[in-house]
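**Student:** In the order they appear, the protein sequences are chains A, B, C and D.
Under the working numbering, the letters of the first sequence match residues 1 to 162, in that order.
Under the working numbering, the letters of the second sequence match residues 163 to 324, in that order.
Under the working numbering, the letters of the third sequence match residues 325 to 486, in that order.
Under the working numbering, the letters of the fourth sequence match residues 487 to 648, in that order.
For every residue, glycine included, the Cβ atom is placed at its ideal position computed from N, Cα and C.
Quick one: structure below, then a few questions.
Number of protein chains: 4
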Amino acid sequence: MKILFIQTGGTIDKDYPKTNAGYAFEIDEPAVSRVLEKSFIGFEFEVISLFRKDSLDITASDRAELKSFIETTSYKKIIITHGSDTMPETARTIGSIDGKTIIFTGAYLPERFKESDAAFNIGNAIGSVNVLSEGTFIAMNGKLMSPETCYKNPESGLFETK
Amino acid sequence: MKILFIQTGGTIDKDYPKTNAGYAFEIDEPAVSRVLEKSFIGFEFEVISLFRKDSLDITASDRAELKSFIETTSYKKIIITHGSDTMPETARTIGSIDGKTIIFTGAYLPERFKESDAAFNIGNAIGSVNVLSEGTFIAMNGKLMSPETCYKNPESGLFETK
Amino acid sequence: MKILFIQTGGTIDKDYPKTNAGYAFEIDEPAVSRVLEKSFIGFEFEVISLFRKDSLDITASDRAELKSFIETTSYKKIIITHGSDTMPETARTIGSIDGKTIIFTGAYLPERFKESDAAFNIGNAIGSVNVLSEGTFIAMNGKLMSPETCYKNPESGLFETK
Amino acid sequence: MKILFIQTGGTIDKDYPKTNAGYAFEIDEPAVSRVLEKSFIGFEFEVISLFRKDSLDITASDRAELKSFIETTSYKKIIITHGSDTMPETARTIGSIDGKTIIFTGAYLPERFKESDAAFNIGNAIGSVNVLSEGTFIAMNGKLMSPETCYKNPESGLFETK
């Protein structure tokens, strides 16, 4: 089995790199690579970076590019890391694609943080992508949800189902 | 959905508590509780401790106790943390139980370690338990495997399928 | 021996708290408290927060307030966490105060980061404050420097002595 | 300034390497190297490993070897990482050496642990070695102590002065 991981940005990838004028938080290298490196992985995978955006800045054009990329890649198992604010919207735009299992995940705290939930969430997405034969889903808060019925509760920050 | 987590011991739970004569590595509180605490969990769960053993020390009697416990609990989704050396053996002893999804996982480095794979593996097990309707499985190295056909490769330490 | 720790802000204290509109990096609770909590401390101390600013935003008025606070407190051993960009400037403004040992430190990566240098730097400042009887110093990069002669090299980001 | 770091073993260096028969805790590579690597160090240093022992296993012959090594090295600033149980005893054996500043430190939790005090303690030792012109000391619990008068309190585990 082979899994393709696609970086789109969001909290999970926020880092504190050195810039000319000092240091600043910005979306940097895909966090998923660092998580997989230390997880004693036994399957084949590839990590690619499509864009590095806060999910509120992702445009209709970005979503079209992502969808087109997924449609043309030969990978059938795909995990997309994405900011949480518009994750259901992007997932609904992708919709179901014949023969492909697509799971969106992200994090509440950057992978660089000691207390980050990134490794848990990526493991969680992999656990579902491994066994689902088709469909597009959201894996957050330890739950697997349909993008059609889930939303991010603005009070709790957690994903819930209508 | 509700998930029951059962501690049996193994590397994942190794800690360095203060003892009378100093400090020593030993199997301590369930690591799964610490992982869930920082993972922004959105489902109901319970963590119970059945035993705290290196998996090489788990006996036929321990396995019978674990099986009996699983058969009598009302939980249908169960994740068992377990040492890796005899994980397939214990999973085969449990076998399939009608209407229950049971996933074994563990870790190569204790959850207390900076580089631990514990959070990833627990997330991975949850991702599979969420979508599988029945059966007993092993989730290690980012893969989901049948205990009937998988074994731990003594060279690489990774789980493989015959 | 008693040590007073004063928070002024800077990278060391940057966190990712939940805000109304999502999550954002901001200067939050004093990182020094979290470092001391897990360092098996055997001395008495107090942590106070004077302000929470990027060091480029610290004003002459802030520095006067800090100096006045140090002059009036009864503590003789004082460690100040501060952003690195204007750390020498603030330290020069404080100057030497009779009978007081004052050490400035900070961090290149927030204490919340896995790879943070915060605990090292705070330990380093304590190691010097413990043995110096008087004066105002900068402890960064594992070195103890005079604010009169040190500056932050804009290329390397490290503190050097003229 | 140049600092020599000497590994003798103890909790700080405990790791969980793969062995033939599985994984086991043992004293491995010097933790001080990992701490210095991520601390934005601005001074020259060398790390050498003399032995890798639990401090209860350090013999009179080991202590003589350590003392002889320190006497013959050209380094004048020396930090020794050591298990806590016999740290004062070893430090008393070394005693004062003309023109040399020697500081012993260690950790309550291995550097590999998320909650380790290793980076703090090493920073602490460096902070003192930087400013002391001569003598042999113990830096633990954020305090600098004389080996002649300090001991490890068996109840609290903390170092105290008689």
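Using a beta-carbon distance below 9 Å, is residue 110 (chain A) in contact with chain C?
**Tutor:** Yes, residue 110 (chain A) lies at the interface with chain C (some Cβ there is under 9 Å from its Cβ).
**Student:** Is residue 241 (chain B) closer than 9 Å to residue 288 (chain B) when the C-beta atoms are compared?
**Tutor:** Yes, these two residues count as a Cβ contact at 9 Å.
**Student:** DSSP three-state label for residue 249 (chain B), please.
**Tutor:** Residue 249 (chain B): helix per DSSP, three-state reduction.
**Student:** Buried or exposed for residue 577 (chain D), going by 16 or more other Cβ atoms inside 10 Å?
**Tutor:** By the neighbour-count rule (16 or more Cβ atoms within 10 Å), residue 577 (chain D) is buried.
**Student:** Please report the distance separating the alpha-carbon of residue 354 (chain C) from that of residue 447 (chain C).
**Tutor:** Their Cα atoms are separated by approximately 15 Å.
**Student:** Could you give the distance in angstroms between the alpha-carbon of residue 377 (chain C) and the alpha-carbon of residue 130 (chain A)?
**Tutor:** Distance between the alpha carbons of residue 377 (chain C) and residue 130 (chain A) is about 47 Å.
**Student:** Take residue 569 (chain D) as the anchor and find which of D:488, D:487, D:645 and D:489 has the nearest alpha-carbon.
**Tutor:** The shortest C-alpha separation from residue 569 (chain D) is found at D:645.
**Student:** Any idea what DSSP makes of residue 234 (chain B), helix, strand or coil?
**Tutor:** Residue 234 (chain B) falls in the helix class under three-state DSSP.
**Student:** Using a threshold of 9 Å, state whether the C-beta atoms of residue 2 (chain A) and residue 46 (chain A) are closer than that.
**Tutor:** Contact flag set, yes.
**Student:** By a C-beta neighbour count over all protein chains shown, 10 Å radius and 16 as the cutoff for buried, is residue 640 (chain D) buried or exposed?
**Tutor:** By the neighbour-count rule (16 or more Cβ atoms within 10 Å), residue 640 (chain D) is not buried but exposed.
**Student:** Could you tell me how far apart the beta carbons of residue 498 (chain D) and residue 567 (chain D) are, in whole angstroms, since I believe they sit closer than 8 Å?
**Tutor:** Contact flag correct, Cβ pair sits at about 5 Å.
**Student:** Would you kindly work out how many angstroms separate the C-alpha atoms of residue 588 (chain D) and residue 34 (chain A), rounded to a whole number?
**Tutor:** Their backbone Cα atoms lie some 38 Å apart in a straight line.
**Student:** Output the residue ranges of the alpha helix (DSSP H) runs that lie fully inside the region 102-132 of chain A and measure 4 residues or longer, sorted by chain position.
**Tutor:** With a minimum length of 4 residues, the continuous alpha helix (DSSP H) runs that stay inside the region 102-132 of chain A are 118-129.
**Student:** I need the straight-line Cα distance from residue 348 (chain C) to residue 597 (chain D), nearest angstrom please.
**Tutor:** Roughly 30 Å separates the two Cα atoms.
**Student:** Quick one: using the 10 Å Cβ neighbour count with 16 as the cut-off for buried, is residue 179 (chain B) buried or exposed?
**Tutor:** The residue is exposed, with fewer than 16 neighbouring Cβ atoms inside 10 Å.
**Student:** Alpha carbon to alpha carbon, how far is residue 309 (chain B) from residue 270 (chain B)?
**Tutor:** If you take the alpha carbons of residue 309 (chain B) and residue 270 (chain B), they lie about 18 Å apart.
**Student:** In the DSSP assignment, the beta strand (DSSP E) including residue 144 (chain A) goes from what residue to what residue?
**Tutor:** Start and end: 143-145.
**Student:** Just to make sure I have the definition right: I need the residues of chain A whose C-beta is within less than 7 Å of the C-beta of residue 200 (chain B). Which are they?
**Tutor:** Chain A residues near residue 200 (chain B): 115 and 117.
**Student:** Relative to the alpha-carbon of residue 541 (chain D), which residue among D:573, D:551 and D:534 has its alpha-carbon at the smallest distance?
**Tutor:** Among D:573, D:551 and D:534, the Cα nearest to that of residue 541 (chain D) belongs to D:573.
**Student:** On the DSSP bridge list, what partners appear for residue 136 (chain A)?
**Tutor:** Partner(s): A:102.
**Student:** Starting from residue 198 (chain B) and walking both ways along the beta strand (DSSP E), at which residues does that stretch end?
**Tutor:** Not the beta strand (DSSP E): residue 198 (chain B) falls in the alpha helix (DSSP H), residues 193-199.
**Student:** So, with DSSP's three-state summary, where would you put residue 177 (chain B)?
**Tutor:** In this structure, residue 177 (chain B) counts as strand in the three-state DSSP scheme.
**Student:** Would DSSP call residue 420 (chain C) helix, strand or coil?
**Tutor:** Correct three-state label for residue 420 (chain C): coil.
**Student:** For residue 340 (chain C), which residues in chain A fall below 9 Å Cβ to Cβ?
**Tutor:** What residue 340 (chain C) touches in chain A: 11, 14, 25, 108, 109, 110 and 113.
**Student:** Return no unless some Cβ of chain C is closer than 9 Å to the Cβ of residue 646 (chain D).
**Tutor:** At least one chain C Cβ lies under 9 Å of residue 646 (chain D).
**Student:** Please report how far the alpha carbon of residue 247 (chain B) lies from the alpha carbon of residue 501 (chain D), in whole angstroms.
**Tutor:** Residue 247 (chain B) and residue 501 (chain D): Cα-Cα distance of roughly 19 Å.
**Student:** Could you give the DSSP three-state label for residue 156 (chain A): helix, strand or coil?
**Tutor:** Here residue 156 (chain A) sits in coil by DSSP.
**Student:** Residue 143 (chain A) touches chain B at which residues, Cβ-Cβ below 9 Å?
**Tutor:** 163, 203, 204, 205, 288 and 292, listed in chain order.
**Student:** Are residue 42 (chain A) and residue 204 (chain B) close, meaning C-beta to C-beta below 9 Å?
**Tutor:** Result no, Cβ atoms of residue 42 (chain A) and residue 204 (chain B) do not sit closer than 9 Å.
**Student:** State buried or exposed for residue 236 (chain B), treating a residue as buried only when at least 16 other CB atoms are found within 10 Å of its CB.
**Tutor:** The residue is exposed, with fewer than 16 neighbouring Cβ atoms inside 10 Å.
**Student:** What is the rounded straight-line gap between the Cα of residue 95 (chain A) and the Cα of residue 4 (chain A)?
**Tutor:** Looking at the two C-alpha atoms, the distance is approximately 17 Å.
**Student:** Tell me the DSSP secondary structure of residue 67 (chain A) in three-state form.
**Tutor:** Correct three-state label for residue 67 (chain A): helix.
**Student:** What does residue 166 (chain B) pair with, by DSSP beta-bridge criteria?
**Tutor:** Answer is B:208 and B:240, bridged to residue 166 (chain B).
**Student:** Could you check the C-alpha separation between residue 223 (chain B) and residue 172 (chain B) for me, to the nearest Å?
**Tutor:** Each residue's Cα considered, the two are about 17 Å apart.
**Student:** Does residue 118 (chain A) pass the burial test, meaning 16 or more other C-beta atoms within 10 Å, or should it be called exposed?
**Tutor:** Buried: at least 16 other Cβ atoms inside 10 Å.
**Student:** Which value, in whole angstroms, describes the spacing of the CA atoms of residue 255 (chain B) and residue 221 (chain B)?
**Tutor:** The alpha-carbon atoms of residue 255 (chain B) and residue 221 (chain B) are separated by roughly 11 Å.
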